[in-house]
Amino acid sequence: MESARQQALGQLAQVAGDGWLLLAQLARVIVLAVRAQLVLEVGIGPGVVTAWIADALERTGGRLVALEWNSETIERVMERLDALGLAERVQILEGDAHQTIRTVAGPIDVVWLAAERTGYADYLRAVKGKLRPGAAVIAEGMASEGTRALREELSREREFATVELPVRGSALVGIYWPERAMGRR
Numbered sequence: 001m002e003s004a005r006q007q008a009l010g011q012l013a014q015v016a017g018d019g020w021l022l023l024a025q026l027a028r029v030i031v032l033a034v035r036a037q038l039v040l041e042v043g044i045g046p047g048v049v050t051a052w053i054a055d056a057l058e059r060t061g062g063r064l065v066a067l068e069w070n071s072e073t074i075e076r077v078m079e080r081l082d083a084l085g086l087a088e089r090v091q092i093l094e095g096d097a098h099q100t101i102r103t104v105a106g107p108i109d110v111v112w113l114a115a116e117r118t119g120y121a122d123y124l125r126a127v128k129g130k131l132r133p134g135a136a137v138i139a140e141g142m143a144s145e146g147t148r149a150l151r152e153e154l155s156r157e158r159e160f161a162t163v164e165l166p167v168r169g170s171a172l173v174g175i176y177w178p179e180r181a182m183g184r185r
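Numbering follows UniProt numbering, with no gaps: position 79 of the sequence shown is 79.
Take a look at the structure:
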């Protein structure tokens with residue numbers, strides 16, 4: 001089952017195309033590295049990253065809470081997750097992410113932002129107090145003009161160490177490091 005699942009995950013990413021495999025692998029590695037127990041995904045798109053995160057959470061024993069407004073997208077992604085044997089790791093909350101994000105309890109180990117780019121800064125502010133020290137925040141599509149507010153937010157926030165990667169329109173990875181803001185290493 002394990003190798004069949006890995007093959008199916010790879011095929012799903014290849015079908016989606018345009019850099020999805022690299023994003024999915026990035027998400028998986030980060031989830032495993034922080035031994036995530038709770039991952040928050042804002043916007044599920046085709047479900048490629050969702051599936052790879054859920055697969056990593058099989059190893060860490062964690063769970064994924066995803067936020068999505070489109071019921072057809074939710075149905076399609078849950079069918080894929082069920083076929084992969086990963087549906088039990090995932091809870092998808094339907095509705096406006098600006099509202100549903102406030103219902104997610106922490107501590108959160110990884111946040112994956114893949115929704116409307118102009119909302120990224122709001123999403124970060126909504127969960128910042130729920131992040132575990134060392135949590136990763138990943139935002140895809142950072143080449144978009146709509147991400148300016150997130151860039152400005154992170155430039156003011158000394159609590160995040162960030163790097164931008166040239167993957168699928170640029171992905172930003174930030175590690176929440178509250179001690180950094182206090183001048184501690």
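Glycine included, each C-beta is placed from N, C-alpha and C at the ideal position.
Remember, it's a predicted structure, so these values are computed and weren't measured experimentally.
{"Item": "C-alpha gap between LEU165 and GLY19, whole angstroms", "Value": "12 Å"}
{"Item": "Close-in-space but distant-in-sequence residues of the same chain around ALA115 (CB under 7 Å, 5 per side omitted)", "Value": "VAL42, GLY43 and ALA97"}
{"Item": "Same chain only: Cβ atoms within 7 Å of LEU150, ignoring 5 sequence neighbours per side", "Value": "TYR120, ALA121, LEU124 and ALA139"}
{"Item": "Contact under 8 Å by Cβ, ILE30 with ALA66", "Value": "no"}
{"Item": "Three-state secondary structure assigned by DSSP to VAL163", "Value": "strand"}
{"Item": "Residue environment, GLY174, which counts as buried when at least 16 other CB atoms sit within 10 Å", "Value": "buried"}
{"Item": "For LEU84 and MET1, the rounded distance between their alpha carbons", "Value": "Residue confidence is low: MET1 scores 48 on pLDDT, short of 50, so the model does not pin down where it sits. Its coordinate-derived value is still stated next. About 9 Å."}
{"Item": "DSSP beta-bridge partners of TYR176", "Value": "PHE160"}
{"Item": "Cβ neighbour criterion (16 or more within 10 Å) applied to GLU94", "Value": "exposed"}
{"Item": "VAL90 beta carbon less than 8 Å from that of ALA54", "Value": "yes"}
{"Item": "Local Cβ density within 10 Å of ASP82, reported as buried at 16 or more and exposed below that", "Value": "exposed"}
{"Item": "Three-state secondary structure assigned by DSSP to ARG28", "Value": "helix"}
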